[in-house]
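J.:
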Amino acid sequence: MPEPGNRRVLAFDYGTRRIGVASGQELLGTGQPVAMIPARDGIPDWSRVEALLQEWQPDLVVVGLPLNMDDTENEMCARARKFGNRLHGRYHVAVEMVDERLTSFEAKGEVMAAGGSRDFGRHGVDDRAAVLILETWFGLQRDRVDH
Numbered sequence: 288m289p290e291p292g293n294r295r296v297l298a299f300d301y302g303t304r305r306i307g308v309a310s311g312q313e314l315l316g317t318g319q320p321v322a323m324i325p326a327r328d329g330i331p332d333w334s335r336v337e338a339l340l341q342e343w344q345p346d347l348v349v350v351g352l353p354l355n356m357d358d359t360e361n362e363m364c365a366r367a368r369k370f371g372n373r374l375h376g377r378y379h380v381a382v383e384m385v386d387e388r389l390t391s392f393e394a395k396g397e398v399m400a401a402g403g404s405r406d407f408g409r410h411g412v413d414d415r416a417a418v419l420i421l422e423t424w425f426g427l428q429r430d431r432v433d434h
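Sequential numbering from 288 applies to the sequence shown in my numbering.
#1: Tell me where the beta strand (DSSP E) around Gln319 begins and ends.
#2: Please give me, in chain order, every unbroken run of the beta strand (DSSP E) with length at least 3 that falls completely inside the region 329-380.
#3: Applying the criterion that 16 or more other CB atoms from any shown protein chain within 10 Å of the CB defines a buried residue, is Thr303 buried or exposed?
#4: Specify the secondary structure class of Glu383 as computed by DSSP and reduced to three states.
#5: Hey, Gly371 and Val382 are a contact pair by Cβ (cut 8 Å); roughly how many whole angstroms apart?
#6: Are Ala298 and Val349 close, meaning C-beta to C-beta below 8 Å?
#7: If you compare alpha carbons, which of Asp358, Gly351, Arg294, His375 is closest to Arg257?
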């Protein structure tokens with residue numbers, strides 16, 4: 288595995304209908320949207336997940352943890368953790384969870400600011416939320432190095 292600071296990372300914004308995916312290089316500290324994987328009641332199309340992992344060959348996977356505003360966990364946190372555990376168990380990749388509060392809200396704001404559609408149910412912002420999750424994780428890594 289490459290040294291911290293030089294890892295290729297895939298981020299997942301877990302959802303019950305769609306799972307957003309973003310990729311980035313830790314050295315650059317930015318992410319790009321990669322895909323939105325359909326899910327049925329939170330169960331992803333595992334063949335699509337596997338194909339993305341094979342294509343991008345990440346050194347690490349980050350999964351968003353949708354904590355409540357008061358830092359408590361909810362049902363979606365448990366489901367996101369389960370998804371992260373399954374990624375690790377099935378594909379033997381290192382997985383870290385990262386606080387993703389307000390990333391979907393922020394992603395919707397970005398789409399609206401760029402003149403995009405309000406029909407988020409059909410088009411989704413999950414891949415953009417995954418970018419924000421990834422960039423949050425990159426920021427946390429920089430903070431660890433700086434302190």
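Note that beta-carbon positions come from the ideal geometry of N, C-alpha and C, so glycine has one too.
T.: Reading from the atomic positions:
#1: Walking along the sequence shown from the start, residue 319 turns up at place 32. Here the beta strand (DSSP E) through Gln319 covers 317-327.
#2: Whole beta strand (DSSP E) segments, 3+ residues: 347-352.
#3: Position 16 of the sequence shown, counted from the start, is the residue given in the question as residue 303. Under this definition Thr303 is an exposed residue.
#4: The count along the sequence shown starts at 1 and reaches residue 383 at position 96. Glu383 falls in the strand class under three-state DSSP.
#5: Along the sequence shown, one-based indexing puts residue 371 at 84. Along the sequence shown, one-based indexing puts residue 382 at 95. A Cβ-Cβ separation of about 5 Å places Gly371 in contact with Val382 under the 8 Å criterion.
#6: Counting from one through the sequence shown, the residue named residue 298 turns up at place 11. Counting from one through the sequence shown, the residue named residue 349 turns up at place 62. Yes.
#7: This structure cannot speak to residue 257, because the chain is shown only from 288 to 434.
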